[in-house]
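Each number in the numbering used here comes from the position in the sequence shown (counting from 1) with 30 added on. Each residue gets a CB set at the ideal place from its N, CA and C atoms; glycine is no exception. A quick write-up on the structure given underneath.
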Amino acid sequence: MSLSPDLSGALAALLGPQGYASGADVPEATRTDASRSGQVLPLALLRPASVQEVSGALRLCHQHGQRVVVQGGMTGLAGGANPMAGEVALSLARLRGVEEIDAEAGLMVLRAGTVLEQAQAAAEAAGWHLPIDLGARGSCQIGGNIATNAGGVRVIRHGMTRDNLLGIEAVLADGTVLSHLNRSVKDNTGYDLRHLICGSEGTLAVVTRAVLRLLQHPTPVGKALCAQTDFTPGLGVLGLARAGATAFEAMWPEFFELNQRLLGREMFADLPGMVVLVETDEAALTPLLEAGFEAGLIGDALVARSGAEARSFWEIREAYAMDRAFPDLINLDVSLPQAAMADFAAACRSGVLARFPGAHVSVFGHVADGNLHLAMALPEGGGAAAHAAEGIVYDLVRAAGGSVSAEHGIGMLKRDWLGHSRSAAETDAMRAIKAALDPSGILNRGRVLGPS
Ligand SMILES: Cc1cc2nc3c(=O)[nH]c(=O)nc-3n(C[C@H](O)[C@H](O)[C@H](O)COP(=O)(O)OP(=O)(O)OC[C@H]3O[C@@H](n4cnc5c(N)ncnc54)[C@H](O)[C@@H]3O)c2cc1C
């Protein structure tokens, strides 16, 4: 399969040698995102360096009925940026850079291909703080964060990406540029296309620029690992911490034990029934811990006395060692009411272990925003077994009235389960929106909603 000579010639002429590669020149890295599930190389790689080039490239693809997959930093975990056979990939990597920081208004204007960490550093250098933060910060791009409405560890205090997005510029499948680089919080002028495109995972438009809200520098935070008997006292600590908390992460014992063992650490003399990592304003930490001990909610606590100690707490929670230890690790990302979490976690473990004896099943997550992650490694590996294990978990999510994707999106990997969280009427409305904005279905076809 290859591109028609007409189209490849026109794209090469539009984008130049740095902006166009095909055949053997297409890099391997375009094959898969961080889910490691992609297998196909795109027919060509388009790397536009301006919104005009994004628009021109899409117009050409639209005219030729050529399908396009959008690629940001490729850290996604839902397979949405993975090419399918016959697609070209459009990467935003060259459309990068912070254009402006408005120190009066507390906002930044930046291009979609800017890596999150670089955007954070630019904000810090200007005396401001960008509230979006996630573990993939060194590679993920602002455009990808917007396309997936990324969450992360600061959602409890600052909300999701959508909550920090003031304005957007994006290009529709036929090359039409929608520019609404709004700078104020208040803007009730018709349908909010910004929020429609945010979280649409590249199926409705390619994000090219954005205006993001910045915050004053946060007050210093204190961090503690608290040991509890089980999840209920953990929720009690959350109740005490909520007003001042900047992060709250619960770790079930199987998760905590595995990750501290892989890192060669032993944080508590006995393995606790639950461990929570709490970050609050520094001044609030000691009173919080005292109140927790007094109420019998906390059995033991470790307070970080240095940046290195704080990082050692986060290393356990970020679980990179676990990712490396299990190449076929299944990472699920669900949300459900806090009151249902303890029973849900127990039911997931027993359900998956009954079907796959010897599996590793562990639970952890942000909790305060309703988000839990499940990590599963099956003796049978991935494939059909993984799908069956996911089905066990997602059936329990549906029964608890939760969402099969709290943060990572639907992409390719969760399409089978969208109906567990969204009604037929809702998915029909989504299909109607997709058909209105991309009638030829050339942009990220088949992602989120599946084949039409
Ligand atoms: C270690 C690690 C930690 C993570 N932690 C979190 C976390 O805490 N919270 C969270 O929400 N996610 C997390 N993720 C998932 C991932 O980092 C986010 O989904 C991120 O927002 C994806 O950005 P990206 O630029 O890498 O996008 P990609 O992976 O390249 O693409 C993701 C989707 O967005 C589309 N897309 C990308 N750029 C654009 C654009 N400019 N316009 C339109 N569509 C576009 C793609 O087609 C694809 O469908 C984590 C991933 C890793 C590997």
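Worksheet item: Anyone know if the C-beta pair for GLY109 and LEU359 falls short of 7 Å?
Response: As a working mapping, residue 109 is identified with position 79 in the sequence shown. As a working mapping, residue 359 is identified with position 329 in the sequence shown. Not in contact: GLY109 and LEU359 (Cβ atoms no closer than 7 Å).
Practice prompt. Could I get the ranges of all uninterrupted beta strand (DSSP E) runs contained in the stretch 96 to 142, with 3 residues as the minimum, in chain order?
Written response: 98 to 101, 118 to 121, 128 to 132 and 137 to 141
Discussion item. Quick check on DSSP: helix, strand or coil for GLU309?
Written reply: For this step, residue 309 is matched to residue 279 along the sequence shown. In the structure shown, GLU309 sits in a strand (DSSP, three-state: E or B).
Worksheet item: Touch check for the stretch 371 to 388 and the stretch 309 to 323: three-plus C-beta pairs under 8 Å?
Response: no
Worksheet item: Are the Cβ atoms of MET281 and GLN290 separated by less than 7 Å?
Response: As a working note, residue 281 is residue 251 in the sequence shown. As a working note, residue 290 is residue 260 in the sequence shown. Their beta carbons are not under 7 Å apart, which means MET281 does not touch GLN290 by this criterion.
Discussion item. Let me check one thing: in DSSP terms, what residues is HIS403 bridge-paired to?
Written reply: The residue labelled residue 403 in the question sits at position 373 within the sequence shown. Answer is ASP363 and PHE394.
Item to complete: Tell whether a beta-carbon distance below 7 Å holds between ALA115 and VAL70.
Response: Taking the first residue of the sequence shown as 1, we reach residue 115 at position 85. Taking the first residue of the sequence shown as 1, we reach residue 70 at position 40. Contact: yes.
Worksheet item: When you compare only the Cα positions, how much space is there between MET483 and THR457?
Response: Nothing can be reported for residue 483: it is not among the residues displayed for the chain, which extend from 31 to 482.
Worksheet item: Going along the chain, which residues of its own chain have a beta-carbon closer than 8 Å to the beta-carbon of LEU426, five neighbours each way excluded?
Response: Indexing the sequence shown from 1 puts residue 426 at position 396. Same-chain partners within the cutoff: PHE374, ALA377, CYS378 and GLY381.
Worksheet item: Does the separation of the CB atoms of PRO302 and ALA257 fall below 7 Å?
Response: As a working mapping, residue 302 is identified with position 272 in the sequence shown. As a working mapping, residue 257 is identified with position 227 in the sequence shown. Their beta carbons are under 7 Å apart, which means PRO302 touches ALA257 by this criterion.
Worksheet item: GLY326 to ALA200, Cα distance in whole Å?
Response: The residue you call residue 326 lines up with position 296 of the sequence shown. The residue you call residue 200 lines up with position 170 of the sequence shown. Straight-line Cα distance between these residues: approximately 52 Å.
Discussion item. Does the beta-carbon of VAL236, which I'm using as the reference point, lie nearer than 6 Å to any heavy atom of ligand 1?
Written reply: As a working mapping, residue 236 is identified with position 206 in the sequence shown. Correct: VAL236 has its Cβ closer than 6 Å to ligand 1.
Worksheet entry | Strand pairing of CYS256, partner residues [DSSP] | For this step, residue 256 is matched to residue 226 along the sequence shown. DSSP output for CYS256 lists VAL306 and ALA331 as bridge partner(s).
Fill in: Bounding residues of the beta strand (DSSP E) (the contiguous stretch that carries ARG239)
The count along the sequence shown starts at 1 and reaches residue 239 at position 209. Its beta strand (DSSP E) spans residues 236 to 243.
Worksheet item: Exposed or buried, which one is TYR50 when buried takes at least 16 other CB atoms within 10 Å?
Response: In the sequence shown, the residue the question calls residue 50 occupies position 20. With 16 or more other Cβ atoms within 10 Å, it is buried.
Worksheet item: Skipping 5 residues on each side, what residues in its chain have a beta carbon closer than 6 Å to that of GLY168?
Response: Taking the sequence shown and counting its residues from 1, the one referred to as residue 168 is at position 138. Cβ neighbours of GLY168 beyond the five flanking positions: GLU147.
Worksheet item: Using the C-alpha atoms, what's the distance from VAL56 back to VAL306?
Response: Here the question's residue 306 lines up with position 276 in the sequence shown. Here the question's residue 56 lines up with position 26 in the sequence shown. The straight-line gap from Cα to Cα measures roughly 44 Å.
Discussion item. Do THR310 and VAL84 have their beta-carbon atoms positioned less than 7 Å apart in this structure?
Written reply: Residue mapping note: residue 84 aligns to position 54 of the sequence shown, counting from 1. Residue mapping note: residue 310 aligns to position 280 of the sequence shown, counting from 1. No.
Worksheet item: What do you reckon, is the C-beta of LEU120 under 6 Å from a heavy atom of ligand 1?
Response: Position 90 of the sequence shown, counting from 1, holds the residue named residue 120. LEU120: no, Cβ never under 6 Å from ligand 1.
Discussion item. Let's see if you can read the secondary structure: which residues bound the beta strand (DSSP E) around GLY413?
Written reply: On the sequence shown, residue 413 is found 383 positions in, with the first residue counted as 1. Taken as a continuous stretch (DSSP letters only), GLY413 belongs to no beta strand (DSSP E), being part of the alpha helix (DSSP H) at 413 to 429.
Practice prompt. Determine the direct distance from the alpha carbon of LEU160 to that of GLY102, and round the result to whole angstroms.
Written response: On the sequence shown, residue 102 is found 72 positions in, with the first residue counted as 1. On the sequence shown, residue 160 is found 130 positions in, with the first residue counted as 1. Answer to the nearest angstrom: the Cα atoms are 19 Å apart.
Practice prompt. Compute the Euclidean distance between the alpha carbons of GLY395 and MET371, then round it to the nearest angstrom.
Written response: Your numbering for residue 395 matches position 365 in the sequence shown. Your numbering for residue 371 matches position 341 in the sequence shown. Using only the alpha carbons, I get a separation of about 10 Å.
Item to complete: Give the range of the alpha helix (DSSP H) segment to which MET460 is assigned.
Response: One-based indexing of the sequence shown puts residue 460 at position 430. Unbroken alpha helix (DSSP H) run through MET460: 454 to 467.
Worksheet entry | Residues sharing a beta bridge with VAL201, DSSP | For the purposes of this step, residue 201 is taken as residue 171 along the sequence shown, with counting starting at 1. VAL207 and VAL236, per the DSSP bridge assignment.
Practice prompt. Go ahead and label GLU231 buried or exposed: buried means 16 or more other beta carbons lie within 10 angstroms of its beta carbon, across all protein chains shown.
Written response: Sequence index remark: in the sequence shown, residue 231 carries index 201 (1-based). Per the 10 Å Cβ criterion, buried.
Discussion item. LEU122 and GLY143 - do their beta-carbons sit closer together than 7 Å?
Written reply: In the sequence shown, counting from the first residue as 1, residue 143 sits at position 113. In the sequence shown, counting from the first residue as 1, residue 122 sits at position 92. In this structure, LEU122 lies closer than 7 Å to GLY143 by Cβ.
Worksheet item: Any idea which residues DSSP pairs TYR50 with across the strands?
Response: Within the sequence shown, numbered from 1, the residue matching residue 50 stands at position 20. DSSP, once it has assigned bridges, lists LEU76 as partnering TYR50.
Item to complete: May I ask you to verify whether the stretch 427 to 435 touches the stretch 175 to 192, counting CB pairs closer than 8 Å and requiring at least 3?
Response: no
Item to complete: Identify which residue in GLY294, GLY274, ARG295 and MET304 has its Cα closest to the Cα of GLU284.
Response: Within the sequence shown, residue 284 is the residue found at index 254, counting from 1. Closest by alpha carbon: MET304.
Worksheet item: Is it a yes or a no for the stretch 432 to 452 touching the stretch 171 to 190, going by three-plus beta-carbon pairs under 8 Å?
Response: yes
Worksheet item: From LEU545 to ILE346, what does the alpha carbon distance come to, in whole angstroms?
Response: Absent from the structure is residue 545, since the part of the chain shown begins at 31 and ends at 482.
Item to complete: Note down the Cα distance separating ASP204 from GLY441, rounded to an integer number of angstroms.
Response: Stepping through the sequence shown from its first residue, residue 204 is reached at position 174. Stepping through the sequence shown from its first residue, residue 441 is reached at position 411. Computed Cα separation, rounded: 22 Å.
Item to complete: Look up MET29 in the DSSP assignment and give the residues it is bridged to.
Response: Absent from the structure is residue 29, since the part of the chain shown begins at 31 and ends at 482.
Practice prompt. Check the DSSP bridge columns for ALA275 and list the partner residues they point to.
Written response: Start at 1 with the first residue of the sequence shown, and residue 275 comes out as number 245. Answer is THR310.
Worksheet item: Can you tell me whether GLY46 is buried or exposed, with buried defined as 16 or more other CB within 10 angstroms of its CB?
Response: Taking the sequence shown and counting its residues from 1, one reaches residue 46 at position 16. Per the 10 Å Cβ criterion, exposed.
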